[in-house]
Amino acid sequence: MKKDYFWITVVGLLILSYVLDQISGPIGLKLKNPYLFIQQTHLSMYPLSAVAIAAKSIAITLIFVLGFSYLKISPFIKAIVLFFFAALGQLYAIQQLATNGTVTSFTWTLGIAFAGLICLIPIAIYLIKGAFSSAHQALIKEIKPVQHNLKQTPPPIAK
């Protein structure tokens, strides 16, 4: 039930970003690096687009985290797969900006780039969770439960 609320949040963020994109219009910037957008001059010139990019980034990150919550795999594997997609998103955004690609809009390209950056938070959480899980499993194997023999006969009574 709690996951449903997160899915509703993701849909709400995507709708918000769409509405803000339609209101703000296209951005006429040429950036070589997606992180150059986080400058006071750009943020003050394009505040609605900045909010739309933030909403897209959070929504993309939540999609990955929610998708992984349905899989019963090791937290280390989740961290590795999420790191792969985060790195792929960074490379995609850099290539789109460098070649003036038109596969995705400027705001979606920056949203993908910043989602890769935000994904570092769940990656760290998965790594910490995996480390504690591994330590817990090692302790469980080391400490074996004491087995009591309940069918023991009482000692004979001395006469």
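Yeah, the sequence shown ends on 1408 if you go by the numbering used here, and it's all consecutive. Using N, Cα and C, we set each Cβ at its ideal position, and we do this for glycine too. The model shown is predicted, which means the values in this text are computed figures rather than measured ones.
- In this structure, P1283 and A1336 do not form a Cβ contact; the two beta carbons are roughly 13 Å apart against a cut-off of 8 Å.
- Spatial neighbours of V1259 in its own chain (CB-CB distance under 8 Å, excluding positions within 5 residues in sequence) are listed in chain order as A1308, L1311, I1312 and L1315.
- The region 1343-1356 makes contact with the region 1268-1281; the number of CB pairs closer than 8 Å reaches 3 or more.
- A contact is defined here as three or more CB-CB pairs under 8 Å, and the region 1316-1336 fails this definition with respect to the region 1292-1308.
- One Cα belongs to A1328, the other to L1376, and the distance between them is close to 6 Å.
- With respect to the 8 Å criterion, S1293 and G1379 are not classified as neighbours on the basis of their beta carbons.
- In this structure, L1262 and V1300 do not form a Cβ contact; the two beta carbons are roughly 10 Å apart against a cut-off of 8 Å.
- The three-state reading of DSSP puts Q1288 in coil, since its state is none of H, G, I, E or B.
- In this model, L1285 and A1347 are separated by some 13 Å (Cα to Cα).
- Check the Cα spacing between F1317 and each of Q1288, C1368 and A1303: the tightest is with C1368.
- DSSP places K1327 inside the alpha helix (DSSP H), whose first and last residues are P1324 to A1347.
- By alpha-carbon distance to L1340, the top candidate from K1251, I1361 and T1351 is I1361.
- Separation of P1405 and I1374 (C-alpha to C-alpha, rounded to the nearest whole angstrom) is 59 Å.
- Residues of the same chain with a CB within less than 8 Å of the CB of L1320, apart from the 5 flanking positions on each side, are K1327 in chain order.
- In the DSSP assignment, G1261 falls within the alpha helix (DSSP H) that extends over K1251 to S1273.
- Assigned with DSSP and collapsed to three states, P1405 falls in coil, not helix or strand.
- Contact between F1363 and I1302 holds, with the beta-carbon distance rounding to 6 Å and staying under 8 Å.
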